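Under the working numbering, think of the first position of the sequence shown as -17, with each following residue one higher.
Okay, so here's the structure we're looking at.
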Amino acid sequence: MIDKVLLKKLNFIEIYQFFGGIIGILIMLYLLFTTNTNEYEGFFYILLILPFVFFAFCIYSAWLLNKKRYIIGLNLVIISLFLQLVAFEFYGVFYTSVNGIAINFTLDLTNDILIGLDFQPSQFLLVFKNNEVLHFKLNLVAFGMLIFTYEILKRLRVSLYYLI
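Encoded structure:
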């Protein structure tokens, strides 16, 4: 039997994934309806679909946790957290994904070395543009959630092992 403390932590992860995914889909729908897509073509439409796939993946992992399929659900949560761990802008390629919130440790290497912190809500962006900017961001919330989820997965496996 799984103890109540472990169930509360699993519920927290489930709620975080679910509401982060819902908020992300709502933000992306807002951006979709307020952006003039007539000037874009081709590859742009694939980039429009990716955020919805990412947030649906996060909601699906929360749904698996809700249906008590903990091992599969936590493994999918770990995959989504790895996708959120690093954001970068590297000579024309910009990538960031956040499900929930992000507090980023930012390193700007464009002209000088600048270090900072920033905050982001749920979002998923993959953009190709022409500039020579070099930014790296480490999502501290995703890093903490990754460690937290891994520890929960370890405790859950031990708990389920003793049930057999």
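Note that beta-carbon positions come from the ideal geometry of N, C-alpha and C, so glycine has one too.
In this text the structure is predicted, and so the values were computed from the model without any measurement.
### Query
What does a CB cutoff of less than 7 Å around N113 pick up in its chain, not counting 5 residues either side in sequence?
G74
### Query
So what's L128 in DSSP terms, helix, strand or just coil?
helix
### Query
Going straight from the alpha carbon of L(-11) to that of V123, what length do you get?
21 Å
### Query
Around the Cβ of I(-5), are there at least 16 other Cβ atoms within 10 angstroms (buried) or fewer (exposed)?
buried
#### Entry: the region -1 to 11 contacting the region 80 to 87, beta-carbon criterion three pairs below 8 Å
yes
### Query
Assuming K50 contacts T88 under a Cβ cut-off of 8 Å, what Cβ separation, rounded to an integer in Å, is found between them?
The Cβ separation is near 39 Å, so there is no contact.
### Query
Taking the alpha-carbon positions, what's the N93 to L116 distance?
9 Å
### Query
Nearest CA to the CA of L13: which residue from I(-3), F34, L138, F125?
F34
### Task
My understanding is that S62 touches F39, with C-beta atoms under 8 Å, so please give their C-beta distance in whole angstroms.
6 Å
### Task
Could you check which residue in I54, R139, Q105 has the C-alpha nearest to that of Q66?
Q105
### Query
Is it true that the CB of I85 sits closer than 8 Å to the CB of L150?
Outside the modelled stretch of the chain, which goes from -17 to 146, sits residue 150, for which no answer is possible.
### Task
Using only alpha-carbon positions, find the residue among D(-15), F37, I(-3) that is nearest to M10.
F37
### Query
Distance, Cα to Cα, F101 vs N121?
9 Å
### Task
State the CB to CB distance for the pair L135 and L30, rounded to an integer number of angstroms; the pair is presumed to be in contact (CB under 8 Å).
The Cβ separation is near 33 Å, so there is no contact.
#### Entry: C-beta contact flag for I41 and F0 at 8 Å
yes
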